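Numbering (my numbering), first residue to last: 165 to 560. Even glycine gets a Cβ: it sits at the ideal position worked out from N, Cα and C. Here the structure is a predicted model, which is why all the values come from computation and not from measurement. Written below as structure tokens is the structure these notes are about.
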Ligand code: NAD
């Protein structure tokens, strides 16, 4: 099959196995070009196949020589259909980990489901004994409660007021105004149910109960604060409420874990192109503007650079992990630098459809978006026939 990108709105419905493999290899190469981290030994990553979760798995394995278990949703290719990018990424990761002599396992299933948790516990017991780092990096629009069967949908809406701002169609460069109506109380509640801390806490409770965590286990999940520009739609919006809940959950779990030397943190990360962030109105235009400024200043980072810095300069340093006054790890420090934000705001005021490619890095955004699905990657022959049916080694 010759695989070309096919898009529907902000998603790409096809992905390229060779391109995804090349993208994973680039991340591995980056981590291997940096000093080795004295980090975790056995790591569980929930939401491991793309974005921050994949980068954390690669950093743990290839930066600290950790054994890893990755949890993500199953997907498979056939003669007619490609698998998901996450599936191809994971196939490439498993292959590279095996070649590097690292233990690695993929548990595919719904992270929110009890059975997936039970499957993971079994694999830890059998293969690793205990884990000393649990990364929770699930980003989802929907959750089915595994006890009640109730389905919750998350929304990306402001709270208490209508929000109007610029947004861009990143395929065409057309800048328009978008107006978003406020979320209802139910929508806020449901967004917190999907993206808040409940499932992370359920995982840690289940893993602790099964005695598969080391006494000094570290667990992390990811949050975002961002700029004034995105405040109404992000931090003060429905997703922000979920992040408040996630952050409160981290503090609560940290209190519980610290009696044995364990720790739980939320990591406030920078805004960048992932499948999840491309779905948020206004955010792609903000990220394109941010990329332009951060690249000019030589401080641009993608998921793997953020992840390496998180492990090497925050989580696994001598002495205490530096946190802000709310107990959060901050790796969004460069994004929120005053000079960076001042320039993004200035640029934001003047950007239109006519000047967008000069003023912002929309072209970089667009390219990275397609790279998430294995396209537009150097060294890959997109005219060649490829087999979309790729097997993941050690998939359970
Ligand atoms: P992503 O879409 O790249 O990754 C989400 C992961 O969750 C994937 O591995 C996917 O397979 C997995 N997943 C989703 N639903 C699942 C389910 N039901 N069962 C199993 N796995 C499931 O997104 P991302 O941007 O890397 O997001 C990860 C975290 O980082 C989120 O908490 C997000 O809010 C946070 N974050 C993202 C940004 C950003 O700009 N992208 C910035 C700061 C924080």
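In the DSSP assignment, residue 217 falls within the alpha helix (DSSP H) that extends over 215 to 222. Sequence-distant Cβ neighbours of residue 507 in its own chain, meaning closer than 6 Å and more than five residues away, are 457. At a threshold of 7 Å, residue 213 counts as near the ligand NAD, since its beta carbon sits closer than that to one of the ligand's heavy atoms. Residue 184 and residue 265 have their C-alpha atoms some 21 Å from each other. Selection 190, 244, 268 evaluated against residue 224 yields 268 as nearest (Cα-Cα). At a threshold of 7 Å, residue 283 does not count as near the ligand NAD, since its beta carbon sits no closer than that to any of the ligand's heavy atoms.
For secondary structure counted as the beta strand (DSSP E) over 3 or more consecutive residues, the region 357 to 423 holds these complete runs in sequence order: 377 to 387.
Residue 467 carries a helical assignment under DSSP once its states are collapsed to helix, strand and coil. Distance from the CA of residue 516 to the CA of residue 331, rounded to the nearest whole angstrom, comes to 10 Å. Under the 8 Å Cβ criterion, the region 410 to 425 does not count as touching the region 281 to 295, having fewer than three qualifying pairs. Its Cα nearest to that of residue 259, the residue 188 stands out among 340, 198, 188.
Here the C-alpha atom of residue 436 lies approximately 25 Å from the C-alpha atom of residue 382. By the neighbour-count criterion, in which 16 or more other beta carbons inside 10 Å mark a residue as buried, residue 434 falls on the buried side. Separation of residue 201 and residue 474 (C-alpha to C-alpha, rounded to the nearest whole angstrom) is 11 Å. Residue 448 and residue 432 have their C-alpha atoms spaced approximately 18 Å apart. Proximity of the beta carbon of residue 320 to the ligand NAD is not indicated: no heavy atom of the ligand is located closer than 7 Å. For residue 449, the enclosing alpha helix (DSSP H) has its first and last residue at 447 to 460. DSSP places residue 172 in the strand class (E or B) of the three-state scheme.
Each of 252, 510, 335, 251 was checked against the Cα of residue 529, and the nearest Cα belongs to 335. In this chain, the beta strand (DSSP E) harbouring residue 206 covers 206 to 210. As DSSP reads the structure, residue 519 sits in no beta bridge. Distances between the C-beta of residue 391 and the heavy atoms of the ligand NAD are all 7 Å or more.
In the DSSP assignment, residue 281 falls within the unbroken alpha helix (DSSP H) covering 278 to 287.
Three or more Cβ pairs drawn from the region 366 to 383 and the region 287 to 297 lie within less than 8 Å of each other, which places the two stretches in contact.
Residue 234: member of the beta strand (DSSP E) spanning 231 to 236, first to last residue. Under a 10 Å Cβ-count criterion, residue 199 is classified as exposed, with fewer than 16 other Cβ atoms of the shown protein chains found around its own Cβ.
Here DSSP, grouped into helix, strand and coil, assigns residue 188 to helix. Boundaries of the beta strand (DSSP E) harbouring residue 429: 427 to 432, taken from the DSSP string.
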